[in-house]
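One structure is given here, and the rest of the page talks about it.
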Amino acid sequence: MLTVNNLTKSYGSRVLFENVSLRILPGEKIGFIGANGVGKTTFLKILSGSEEFDGGEYFFDDSSSTVSFLSQIVTLKPYNRVYDEVKSGLGGFVELEMKLRAAEEDMIAFSEDPLRLEEAVANYGNLREEFEHAGGDDIEWQIDRILLGLGFSLQDKYRSVSEFSGGWKMRIEFAKLLLKKSDLLILDEPTNHLDMKAISWLEEYLSEYPGAVIIVSHDRYFLNNIVKKVISFSGKTLKVYNGNYDDFVKQQNLERELAEKAYKDQQKRLEKELIFIERFRYKATLASRVKSKEKMISKRDMVGAPAARDKSIHLSFGYDDSHMTTVFKFKDLEKTYANLTVPFMGEAEITAGDRISLIGENGTGKSTLLSMLSGRDKDFSGRLRVHPAVNLKYYLQNQELALNESNTVLEELQTVAPPEMTITSLRNLLGSFLFRGDDVFKRVDVLSGGEKARLALAMTISSPSNVMMLDEPTNHLDIESREALAVALDAYKGTVIIVSHDRYFIDQICNRVFELEDGFINIYEGDYSFYVEKKKATSVQVPVAQTTLSKPAKKAVSAGRNNAAEESVSLEKKLREIEILSGECDREIGNVETLLASPEVMSDSGRLVEMSKYYGELKEKSNTYFAEYESIFKRLSSIRT
């Protein structure tokens, strides 16, 4: 499918890679592995056609092959509906759909002119046949399937792109790429912004994806479930391994062991030979043997010293040995924001030494529950008992964004470290997070995302504790750093509560799972793998979209359906009218939500009640528009198919 020959890329005097060759076959699922900064993203941009290169070549066997590249940059039109934005990625298909609609209107317009009507019907038939050949009847179903899989509701597709947060916009961008079904799909960190349910769906989708897929990801579980080949990028070149990520690690470790053994054996033999040469160099009777050995050594192909192992963080969490049995005990907690209530129904007890994974879809309140347990949020209802000896460390999601960027790395750590910690102790701690030498004097604003995440973690563990709460601690960490963090947490003697979408990470640490679902806390006494098996045993897919869509059946083209075409145009007009009304209603809902959250309204109980009532009326109206839209759309779909 794709051949790469001797590809070379440099930035000034810095060579990223040189003379790299590679062959990618149709349908292959490939993991692309390498330390940050080695050139992975640059190499993939070259394959996508968005980056220049210095030497070599790459070409597709079929010149019509298509490539899609998912980066972390969003290029959406904010005022498009989600459905229209996703479909816009198909380009030529959208134009074909517009021609088909115009042909339908022509048939109605020329209904009184038999000759022109015959031409219009023939044109419609040809376009309809082209439309069906392009899979037009399945497009709505495909878009629904992808949006549902990525965590959207069916109603979301009628909302404006501008209404969604950055993470959800990234999902819309992703949906566009998946719909295109390119021959080569390149994904750079595709699990960012996805919860477990969406990640699990994506695994299934990509496993069945007809084209080749190249994935850059720090999610080991995800890679293991999808890829059948791993390309390791290091030392300005690459090497190909068959199998998933675990297979790659085993093969790489074996290679290193063999290389280290070969080098040690060579050095031992060489040492003996050099001792012999030095001892008998001036002994006449052995001169010929000495010269022979020197000549032999000079001609021998020497085994080079194995490359130094990549640097990884080395963590150890201080433990505050306070005697506790029950750390937290709570029942039926509820948090209310204006008119929105987030319930956590059920009773739970967390004991000393528990390792808990807090699981749930985005929006179920995982971070909210952590905030309540930690004492940061005291404005909630329900019963919560916290042991008075709790000494808690809390790592917030995206905590690196709260760093003071004008400080140096060392200065920032000093802001939270205990006064008794010496500069040497602080530097030793930073060294375990790969801030070594002059790195500690770097300003925070020049650090990469991964470096900021490591600094935030160092600040979190700078003093002993007996409870650790970690909200997405692996964001921006590579696989090796995630595994080092898992080892440290496993050795930590205190209580651990983690929110993470990295299933491999939590499976290494946790012995209990608290699932937030439909306002309830469901407790599973085991690790993540145990949780998955239990969910499967009760016939609940984990975590796959629950809505099942039936693929529309295909029907033959009918050339003379004037009545159907006329009804189709009429229904289209009604849909557009509802879209306008629904859009106005949704914008008003957004305005009211902003007002409800404002201090002015929240401090005025009378106005708050009035606005809440109005908000409820708007939501009811929005639901009515949606129901009417769905009903008309179903009728329209039945006519067209």
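Heads up: take any position in the sequence shown, counting from 1, add 62, and you land on our numbering. Ideal Cβ placement from N, Cα and C applies to all residues, glycine included.
Sub-8 Å separation of residue i and residue j beta-carbons
i, j, result
"R250", "L69", "The sequence shown places Asp at residue 250, not Arg. Their beta carbons are not under 8 Å apart, which means D250 does not touch L69 by this criterion."
"I470", "K428", "The sequence given here has Thr at residue 470, not Ile. Not closer than 8 Å, so no."
"G422", "E579", "yes"
"L517", "L465", "yes"
"R445", "K397", "no"
"L472", "L492", "yes"
"Y59", "V289", "Look at the range of the chain in this structure, 63 to 703, and you will see that residue 59 is not part of it."
"V148", "I248", "no"
"V558", "D533", "no"
"E462", "A515", "yes"
"Y220", "Y590", "no"
"L209", "A184", "no"
"L539", "Y457", "no"
"F406", "L420", "no"
As assigned by DSSP and simplified to three states, the class of residue i
i, result
"R76", "strand"
"A607", "Caution is warranted here: a pLDDT of 40 is assigned to A607, below 50, making its placement in the model unreliable, and the coordinate value is therefore given only provisionally. Residue state, collapsed to three classes: coil."
"R331", "helix"
"M358", "helix"
"R623", "The pLDDT assigned to R623 is 43, lower than 50, so where the model puts this residue is not dependable; a value taken from the coordinates is nonetheless given after this. Coil."
"E577", "strand"
"A260", "helix"
"N306", "coil"
"Y186", "helix"
"V311", "helix"
"K617", "Model confidence at K617 stands at a pLDDT of 43, short of 50, so the residue's coordinates are unreliable; what they give is reported in the following sentence. Coil."
"P450", "coil"
"T686", "helix"
"A321", "helix"
"K301", "strand"
"T403", "strand"
"G408", "strand"
"K243", "coil"
"Y676", "helix"
"T347", "helix"
"Y593", "helix"
"D382", "coil"
"N254", "coil"
"V365", "coil"
"N68", "strand"
"L212", "coil"
"L249", "strand"
Where the alpha helix (DSSP H) containing residue i begins and where it ends
i, result
"Y566", "R565 to I571"
"Y220", "No alpha helix (DSSP H) holds Y220; DSSP gives it neither H nor E."
"Y283", "R282 to I288"
"E467", "Unbroken run through E467: none, as it is neither H nor E."
"E545", "I541 to A553"
"M169", "G154 to A171"
Opening and closing residue of the beta strand (DSSP E) in which residue i lies
i, result
"S294", "K291 to S296"
"Y399", "T388 to Y399"
"Y271", "Y271 -> no beta strand (DSSP E), and no H or E assigned at all."
"Y456", "L454 to Y457"
"V558", "T557 to V561"
"F582", "F582 to Y586"
Exposure label - residue i; buried when at least 16 CB within 10 Å
i, result
"T609", "Only weak support exists for where T609 lies, its pLDDT of 43 falling under 50; the coordinates are left without a value."
"F390", "buried"
"G213", "buried"
"K259", "buried"
"G273", "buried"
"M169", "buried"
"P252", "buried"
"N653", "exposed"
"G154", "exposed"
"L547", "buried"
"I135", "exposed"
"M299", "The sequence given here has Thr at residue 299, not Met. Under this definition T299 is an exposed residue."
"A182", "buried"
"D564", "buried"
"P605", "Residue placement at P605 is poorly supported in this model, since its pLDDT is 47, which falls under 50; the coordinates still yield a value, given next. Result: buried."
"V302", "exposed"
"N537", "buried"
"F310", "buried"
"L320", "exposed"
is_contact[residue i, chain B] using C-beta, thresh 8 Å
i, result
"D507", "As a matter of chain content, chain B is missing from the structure shown, which is built from one protein chain."
Report task. Let me know the beta strand (DSSP E) ranges lying completely inside the region 79 to 151, each 3 residues or longer, listed in chain order. Result -> 91 to 95, 117 to 122 and 129 to 132
> Where are the alpha helix (DSSP H) runs, 4 residues long or more, that stay fully inside the region 470 to 534, in chain order?
Replying inline: 471 to 476, 485 to 494 and 511 to 522
Length at least 4, wholly inside the region 414 to 445: the alpha helix (DSSP H) runs in chain order: 428 to 436
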